[in-house]
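The structure appears below as structure tokens.
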Amino acid sequence: MYLISVMREIDISNQEISIDDTRLAHLSKEIISVFVLLLLIFSFIGTVDLGPSPIEMNNDIVIGPIPDDGHYFGPLPSEYDQASVHHYDFKVKSGFGSFDIWRSNEFSQRDFQAFILRSIPKKLKPRVEKYLPIALQVAHKYQVDPFWVLAVMWTESHFNETAKSHVKARGLMQIMPGTSKYLAEILDLDFPRSRRQRISFILNVHTNIEMGVFYLKKLLKMFKGNHVYATVAYNMGPGWVLKRLKEKKGVGVKNKYLVKVRKAYKDLSQVFKDVLNTRNAPYENTLVYRFRDEAEVQKKYELFPNGIPVDVASNDNLRVSDHIIL
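Numbering (this note's numbering), first residue to last: 10 to 335.
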């Protein structure tokens with residue numbers, strides 16, 4: 010009897026062990042299934058573009074991509090140069106050409122420079138690329154048409170910083186010794202005394218470009234915004250142009266220098282103009298409304314929490330602004 014009881018207990022124990030083994034095997038399968046499922050999920054996530062990882066700069070973290078539209082807020086990562094995120098803000102309303110220079114602010118400085126480099130002959134690119142950032146920077150400083158500056162530089166020196174004319178004009182903008190002394194005084198620059206130092210002073214790339222751009226700006230102001238007169242005056246001298254105008258004679262008629270500058274300007278600006286033609290200007294065909302009675306209009310807004318109805322725009326309290334962007 011005792012033996013039978015012992016055998017029963019052993020049998021029951023074996024059944025319990027068998028049951029536990031079954032549960033353990035089933036649980037192991039569930040764990041493996043979950044693990045495989047997680048692997049599949051993470052593998053799928055790895056194939057999805059969730060955006061760039063944070064870019065670390067110093068002790069700051071910048072989340073997201075660096076925009077290439079010239080509008081960026083926050084610390085600038087070291088691997089990105091200034092030209093890739095900032096833009097030129099030329100407020101030139103009328104340049105030497107017939108297109109909107111001010112729209113340069115729609116592009117980064119790097120892209121704007123690329124438009125110019127793509128517009129010129131390949132053999133000139135190494136020269137232009139070397140001086141382009143400085144020329145655009147100075148043109149922006151004095152708010153002068155940048156393509157005009159580069160066109161004059163191209164015509165004057167063919168982008169050769171050591172160029173020298175038969176009348177001793179030197180450098181990229183072909184500055185005369187007498188003109189350099191005059192401009193140095195106006196710009197409050199330390200003009201050297203010795204002849205050798207003066208040559209080095211004139212040939213300094215940044216100084217040469219700044220004096221040339223400043224002189225173009227001065228001529229443009231002298232001739233009341235007339236780029237043709239200012240261009241001819243840069244070559245022939247303002248006195249010659251003023252005398253021609255006083256005598257009511259033509260200025261720039263069959264002028265070879267002016268023809269060269271125009272040709273250079275057209276070449277330099279070609280890609281930029283083509284790009285502008287493919288995209289609308291900001292707020293194009295938009296009417297800008299201005300409130301005449303802000304208090305009254307505010308009441309109308311409170312009456313319409315879901316938005317002001319179209320017919321309210323015809324009310325006397327609203328009128329079309331004096332500035333309409335077309």
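Backbone N, C-alpha and C define an ideal beta-carbon position, used for all residues, glycine too.
Paired residues, beta bridge with residue i - DSSP
i, result
"residue 173", "179"
Reduced DSSP category for residue i - H, G, I as helix; E, B as strand; rest coil
i, result
"residue 184", "strand"
"residue 290", "coil"
"residue 200", "coil"
"residue 217", "helix"
"residue 103", "coil"
"residue 142", "helix"
"residue 156", "helix"
"residue 129", "coil"
"residue 255", "helix"
"residue 276", "helix"
"residue 117", "coil"
"residue 233", "coil"
"residue 108", "coil"
"residue 95", "coil"
"residue 166", "helix"
"residue 243", "helix"
"residue 262", "coil"
"residue 151", "coil"
"residue 10", "Note that residue 10 has pLDDT 49, beneath the 50 cutoff, so the model's placement of it is unreliable and the number below is only indicative. Of the three classes helix, strand and coil, the one that applies to residue 10 here is coil, per DSSP."
"residue 270", "helix"
Supposed contact pair residue j and residue i - C-beta distance, whole angstroms, cut 8 Å
i, j, result
"residue 160", "residue 273", "4 Å"
"residue 216", "residue 198", "7 Å"
"residue 177", "residue 185", "7 Å"
"residue 203", "residue 183", "No, residue 203 and residue 183 are not in contact; Cβ-Cβ is about 22 Å, not under 8 Å."
Residue burial classification, residue i (beta-carbon count within 10 angstroms, cutoff 16)
i, result
"residue 219", "buried"
"residue 189", "buried"
"residue 169", "exposed"
"residue 8", "Coverage of the chain is limited to positions 10 through 335, which leaves residue 8 absent and any answer about it impossible."
"residue 240", "buried"
"residue 43", "exposed"
"residue 125", "buried"
"residue 129", "buried"
"residue 271", "buried"
"residue 103", "exposed"
"residue 262", "exposed"
"residue 255", "exposed"
"residue 46", "exposed"
"residue 48", "exposed"
"residue 131", "exposed"
Sequence-distant residues of its chain with Cβ nearer than 8 Å to residue i (five each side left out)
i, result
"residue 99", "110, 111, 113, 114, 148, 149, 152, 154 and 155"
"residue 212", "170, 171, 179 and 180"
"residue 336", "It is not possible to answer for residue 336, since the shown part of the chain is limited to 10 through 335."
"residue 196", "219, 220 and 223"
"residue 253", "259 and 260"
"residue 214", "140, 143, 170, 180 and 181"
"residue 266", "164, 240, 241, 244 and 245"
"residue 134", "126"
"residue 285", "108, 109 and 112"
"residue 277", "125, 128, 129, 156, 159, 160 and 163"
"residue 280", "124, 125, 127 and 128"
"residue 121", "96, 97, 113, 145 and 281"
Beta-carbon proximity list for residue i, same chain, < 7 Å, skipping 5 on both sides
i, result
"residue 158", "144, 148, 222 and 225"
"residue 231", "247"
"residue 282", "108"
"residue 264", "241"
"residue 138", "126"
"residue 269", "164"
Neighbourhood of residue i by C-beta, 6 Å cutoff - its chain only, sequence neighbours within 5 removed
i, result
"residue 242", "228 and 250"
"residue 201", "207 and 210"
"residue 105", "154, 157, 236 and 274"
"residue 238", "232, 250 and 260"
"residue 175", "none"
"residue 136", "168"
9 Å Cβ cutoff, residue i in contact with chain C
i, result
"residue 265", "No chain C is part of this structure, which consists of one protein chain only."
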